[in-house]
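>
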Amino acid sequence: MRQGEINEIKDLAFHKAREFPCEQILNESGYVTRTRGDKIFSQCPSCGRIGKNGDSCLTHSRFSITKSKNVFSCFACDFKGGPATLYSYFNHVSYIGACVILAYRTGAITMQQYEALNDSPDAAKKFQGDTQVYRMMDEKISEDYTSKAPDDICNLVYTHLLRMPQFTLSKHHKKYLMEQRHLSEQEIAKFRFFTYKECFSIDKLILSIRKEKPDFDYNNLLGVPGFFMEFLDESKSQGRWMFKHPCSDCIGIPLTNAYGEIMALQMRNMNPKSVRNGMKYFYVSSRNVSNEKAKGNLRGLGASPGSPVHVFYPERKRSNTFYIGEGFFKMNEICKDGFTALSIQGVNTFHYVADEISEIIKRDPTYNSGTKLRLMIVFDMDLYEKIQVLDAGLNFADYLRKKFPGAETYFLFWSEAFGKGYDDLKFYCMENGLNYLKMLKAYRSDQILEFVKKSEKVVSRTFKASEKAVHEGMRNKTRKENKEYVS
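Numbering (my numbering), first residue to last: 4 to 490.
#1: Could you give the first and the last residue of the continuous beta strand (DSSP E) run that contains I112?
#2: May I have the straight-line CA-CA distance separating K471 from K460, to the nearest angstrom?
#3: On a Cα-Cα basis, can you pick out the residue from V35, S67, A344, N274 that is closest to F44?
#4: Along the chain, where does the alpha helix (DSSP H) that runs through T162 open and close?
#5: Going straight from the alpha carbon of D385 to that of D394, what length do you get?
#6: Taking the continuous alpha helix (DSSP H) assigned at F93, which residues delimit it?
#7: Distance, Cα to Cα, L378 vs G328?
#8: Where does T369 land, buried or exposed, given buried means 16+ other C-beta within 10 angstroms?
#9: Return the CA-CA distance between K283 and R290, expressed in angstroms with no decimal places.
#10: Alpha carbon to alpha carbon, what distance is there between L172 and Y199?
#11: From D220 to C47, what distance separates their C-alpha atoms?
#12: Kindly give me the distance between the Cβ atoms of A106 and L15, rounded to whole angstroms, as I take these residues to be in contact under 8 Å.
#13: Going by C-alpha to C-alpha distance, which of Y90, F78, V350 sits closest to N30?
#14: Look at the alpha carbon of F75 and the alpha carbon of L415, and state the distance between them as a whole number of angstroms.
#15: I need the boundaries of the beta strand (DSSP E) containing Q269, first residue and last residue.
#16: Can you tell which of G330, S322, L301, F285 has the C-alpha that lies nearest to the C-alpha of G309?
#17: So what's Y117 in DSSP terms, helix, strand or just coil?
#18: Would you decide whether S187 is buried or exposed? Buried here means 16 or more other CB atoms lie within 10 Å of its CB.
#19: Is DSSP giving Y491 helix, strand or coil here?
Written out as structure tokens, the structure is:
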């Protein structure tokens with residue numbers, strides 16, 4: 004076989020092999036997997052590490068596959084790469100040999116090409132020489148996306164981080180929480196609110212963590228949102244770990260999962276006008292530092308927290324009802340009424356809710372026994388003035404119905420005259436001697452969907468327009484031909 008043909012097939016095989024699913028390679032090798040959002044968790048083939056709770060809790064595993072990139076990594080042993088690396092590990096073939104096999108299995112190269120390569124001594128020699136180069140390219144592609152570290156690692160780092168004096172809650176922020184958010188000192192201590200005053204020493208943080216976990220290393224910060232590497236040279240062979248400063252006047256909110264582990268940090272900006280996008284709430288993230296330059300040094304290896312879901316457990320559980328809504332402080336007020344509550348960041352950030360509910364039920368099976376599970380969706384009343392938001396809410400309800408077929412899904416409503424948010428309603432009624440629970444009305448998601456369809460029909464008849472035009476017009480105010488149908 005000619006050298007040009009070998010190179011052509013080799014390059015094709017390398018790129019096409021990356022399309023072969025890593026999950027399929029794991030399954031073919033007998034490994035059990037569990038999917039959560041964009042992640043697929045399993046036992047690490049290299050070091051054998053798994054979640055701290057054993058097979059029953061694969062989502063704590065150090066080994067994960069990122070579906071969107073089709074790459075894998077293990078935080079325990081640094082085993083990482085793409086499909087060819089994984090296949091060559093399991094089947095004891097060279098890296099390029101794995102690429103050729105996977106490319107053949109995807110149909111990218113023919114049987115004749117595959118057999119010709121196997122019978123060609125020139126091809127075998129060329130593949131052996133190129134294996135290291137292509138493997139480095141594969142790992143480089145993997146490093147472009149830094150996966151979030153497992154929740155227990157994030158919890159370990161964040162717990163020690165918040166013990167540092169630089170993260171003590173300021174008097175000004177404490178006053179706001181007590182007077183504006185009606186929180187007691189006990190609640191403030193329980194939720195571990197903080198103010199990030201000034202820079203801290205990464206060295207002191209590592210020393211603190213090592214008192215609890217002696218083998219913890221600097222590189223274990225990889226994947227913890229907020230931390231990133233500042234490289235000291237262009238080759239990225241040396242660097243130092245740093246932490247991204249969120250903003251100067253923010254209240255920090257640790258977000259915990261079903262097991263009480265801090266898996267992300269949320270910030271409440273007290274001066275939204277000070278930032279370009281004017282956001283009140285945002286997560287501590289270092290994902291956007293990748294390939295940035297600061298003072299001539301290249302930055303990278305940052306991570307995003309994704310869309311974390313904070314879990315509130317009541318002191319005494321009243322029923323098998325989960326309340327799910329936007330806003331930490333709002334959902335805390337619901338939790339005080341005896342209900343398990345989950346806080347999300349926005350109407351469209353619900354993709355991890357089902358996973359967290361499943362973990363809660365696994366932790367406490369009584370949630371799934373006796374009475375039927377009920378899921379209550381709670382958003383601010385002014386949000387429903389936008390049909391796009393209502394559509395997103397209905398998509399959320401449909402998602403929950405598919406994940407929990409036997410559960411009942413509701414939307415919670417009240418008069419906006421009492422306040423736009425649940426906490427506004429609650430405080431208004433308490434100040435005026437009213438029972439806020441009697442102000443609430445719950446509607447099944449199918450009732451809301453039917454109401455939207457009926458409304459579109461009424462508008463269609465009134466304006467003598469097609470229902471399709473009304474449906475599109477209510478959702479797109481910028482289109483002139485539909486503007487008159489928007490109400």
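Glycine residues also receive a C-beta, built at the ideal position from the N, C-alpha and C atoms.
In brief:
#1: Note, I112: premise wrong, no beta strand (DSSP E); not H, not E.
#2: 10 Å
#3: S67
#4: 154 to 165
#5: Distance between the alpha carbons of D385 and D394: 14 Å.
#6: Here the alpha helix (DSSP H) through F93 covers 86 to 94.
#7: Computed Cα separation, rounded: 11 Å.
#8: exposed
#9: Taking the straight line from one Cα to the other gives about 19 Å.
#10: 8 Å
#11: 20 Å
#12: Confirmed, Cβ separation roughly 7 Å.
#13: Y90
#14: The C-alpha of F75 lies about 41 Å from the C-alpha of L415.
#15: Unbroken beta strand (DSSP E) run through Q269: 265 to 272.
#16: F285
#17: helix
#18: exposed
#19: For the chain, the structure presents residues 4 to 490; residue 491 sits outside this window and is missing.
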